[in-house]
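Chains as they are written, first to last, in the numbering used here: chain A, 540 to 678; chain B, 540 to 678; chain C, 540 to 678.
Glycine residues also receive a C-beta, built at the ideal position from the N, C-alpha and C atoms.
Being a predicted model, the structure only gives us computed values, none of them experimental.
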Amino acid sequence: MKSLTEHLTFNVPSRVGFVNITESVRELVRKSGVREGLVLCNAMHITASVFINDEESGLKADYQRWLEHLAPHEPTSQYQHNRTGEDNADAHLKRQIMGREVVVAVSNGDLDFGPWEQIFYGEFDGRRAKRVLIKVIGE
Amino acid sequence: MKSLTEHLTFNVPSRVGFVNITESVRELVRKSGVREGLVLCNAMHITASVFINDEESGLKADYQRWLEHLAPHEPTSQYQHNRTGEDNADAHLKRQIMGREVVVAVSNGDLDFGPWEQIFYGEFDGRRAKRVLIKVIGE
Amino acid sequence: MKSLTEHLTFNVPSRVGFVNITESVRELVRKSGVREGLVLCNAMHITASVFINDEESGLKADYQRWLEHLAPHEPTSQYQHNRTGEDNADAHLKRQIMGREVVVAVSNGDLDFGPWEQIFYGEFDGRRAKRVLIKVIGE
């Protein structure tokens, strides 16, 4: 069995943002030499997500508005977590909707994807460096 | 390490629907010859889900009503994504609640499941052929 | 390829509760002898979750209040599933928000975690024994 472990670092300049990481993951799959296996991509921080959806700017705006509706940032006093001095309780909630991780099949040495699948890093408490773990296993 | 990759195709005749795919996945696990490992089942389309829950018709109706409440289809003009000519922005949102994929343990050559676990394909923008990827790895 | 399969049993004394299972999972990873691989942790019941977030009591209270807002337990008559004699339809919904499973990278024989990542069992229909499956694969 082969394996490869790498970390990607992101510093999103706004509180909320989405970064397309598909090509970075694809390069790491190739670097791993794995032809058949799985690749795990997960946020290492608990106020961020890795998810798969569509590279379309209107949809990204829709996600942002919808998540703000389901788990509003303001008023920050509505969350007990924020009594610790944080203001990011909403980010912990939004991340559960969008998910921590994706597991993607590796077939013939590449991501085994449908026509529109793209991998995104979802940031809900940005303006600082945060990491994503990529782990490829297989043969 | 052994691996098996197969695709299942679904053409759900309505916009929203749930299809129990447990037996199809179980057959592919057996076909793979893997005794101990993992099986990944993921929607290859970004307006569909694979999830695990209960085979009970009332619950399936509850899911449908609840998802419509959290991410309504109408009015379609509320979503920026629909300005591209699509009317399926809500389906992209519903899929994030229900998830893209499941990873299931394979033990003794079978799905290692609790008493009520069943795997479903969740369609949120149907009336056309869409695919699910099944990838088994292990030994 | 090595593998290890174990089950953890929980009997949460209230309807809803969160149990930190990080150290139990870490011990099983060590027991497996796997240095590089993946560990799957999933609820075997469809009214429970395994998820990764922060060990902070305020946040756990926020999750509980937020999930109750998104998928209220009362009135139980609002759900078709409850006509079967159950009163736990809301638990099936809450579990979809929080997720069934996590897949965690194993690197150098340990959980490959960010600074605040902790694994939780999330119970939404407790007061009885329920199981979590831990499956480690790798080399």
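So the candidates are the options; which of them puts its Cα closest to the Cα of residue i?
{"i": "Val-555 (chain C)", "options": "C:Lys-674, C:Glu-678, C:Phe-659", "result": "C:Phe-659"}
{"i": "Glu-656 (chain C)", "options": "A:Asp-601, A:Gln-617, A:Met-583", "result": "A:Met-583"}
{"i": "Gly-572 (chain C)", "options": "C:His-546, C:Gln-619, C:Glu-595, C:Met-540", "result": "C:Met-540"}
{"i": "Val-564 (chain C)", "options": "C:Ser-588, C:Gln-617, C:Glu-613, C:Leu-547", "result": "C:Leu-547"}
{"i": "Arg-575 (chain A)", "options": "A:Glu-613, A:Gln-619, A:Arg-666, A:Ser-542", "result": "Looking at the sequence provided, one finds Glu at residue 575 (chain A) rather than Arg. Among A:Glu-613, A:Gln-619, A:Arg-666, A:Ser-542, the Cα nearest to that of Glu-575 (chain A) is on A:Ser-542."}
Which whole-angstrom value describes the C-beta separation of residue i and residue j, a residue pair presumed to lie in contact below a C-beta threshold of 8 Å?
{"i": "Ile-636 (chain A)", "j": "Leu-606 (chain A)", "result": "6 Å"}
{"i": "Phe-590 (chain A)", "j": "Lys-669 (chain A)", "result": "15 Å between Cβ atoms; not a contact."}
{"i": "Thr-615 (chain A)", "j": "Asp-626 (chain A)", "result": "5 Å"}
{"i": "Glu-640 (chain C)", "j": "Asn-581 (chain C)", "result": "4 Å"}
{"i": "Ala-644 (chain B)", "j": "Leu-577 (chain B)", "result": "6 Å"}
Can you grab the Cα-Cα spacing for the pair residue i / residue j, in whole Å?
{"i": "Glu-562 (chain B)", "j": "Arg-569 (chain B)", "result": "11 Å"}
{"i": "Phe-649 (chain A)", "j": "Ala-610 (chain B)", "result": "One detail in the question is off: residue 649 (chain A) reads as Asp in this sequence, not Phe. Straight-line Cα distance between these residues: approximately 33 Å."}
{"i": "Ile-585 (chain B)", "j": "Asn-621 (chain B)", "result": "15 Å"}
{"i": "Ser-646 (chain A)", "j": "Leu-672 (chain B)", "result": "11 Å"}
{"i": "Glu-678 (chain A)", "j": "Leu-579 (chain A)", "result": "15 Å"}
{"i": "Ala-630 (chain A)", "j": "Gln-603 (chain C)", "result": "15 Å"}
{"i": "Val-675 (chain C)", "j": "Phe-652 (chain C)", "result": "16 Å"}
{"i": "Lys-633 (chain B)", "j": "Ala-628 (chain A)", "result": "23 Å"}
{"i": "Ser-596 (chain A)", "j": "Tyr-618 (chain B)", "result": "11 Å"}
{"i": "Glu-613 (chain A)", "j": "Val-642 (chain C)", "result": "32 Å"}
{"i": "Pro-654 (chain C)", "j": "Glu-594 (chain A)", "result": "30 Å"}
{"i": "Val-665 (chain B)", "j": "Asn-592 (chain A)", "result": "Correcting the residue identity first, residue 665 (chain B) is Gly in this sequence and not Val. Distance between the alpha carbons of Gly-665 (chain B) and Asn-592 (chain A): 17 Å."}
{"i": "Arg-667 (chain B)", "j": "Ser-588 (chain C)", "result": "32 Å"}
{"i": "Thr-544 (chain A)", "j": "Thr-544 (chain B)", "result": "23 Å"}
{"i": "Phe-557 (chain A)", "j": "Val-551 (chain C)", "result": "37 Å"}
{"i": "Gly-638 (chain C)", "j": "His-608 (chain C)", "result": "17 Å"}
Does residue i pass the burial test, meaning 16 or more other C-beta atoms within 10 Å, or should it be called exposed?
{"i": "Gly-624 (chain A)", "result": "exposed"}
{"i": "Glu-662 (chain C)", "result": "buried"}
{"i": "Ser-553 (chain B)", "result": "exposed"}
(request) Note down, one range per segment and in chain order, each beta strand (DSSP E) of at least 3 residues found wholly within the stretch 573-622 of chain B. (result) 576-582, 587-592
(message) Could you tell me which whole beta strand (DSSP E) segments of length 3 or greater appear in the stretch 638-662 of chain A?
(response) 640-646, 657-662
(message) If we require 3 or more residues per run, which beta strand (DSSP E) segments fall completely within the stretch 545-574 of chain A?
(response) 556-559
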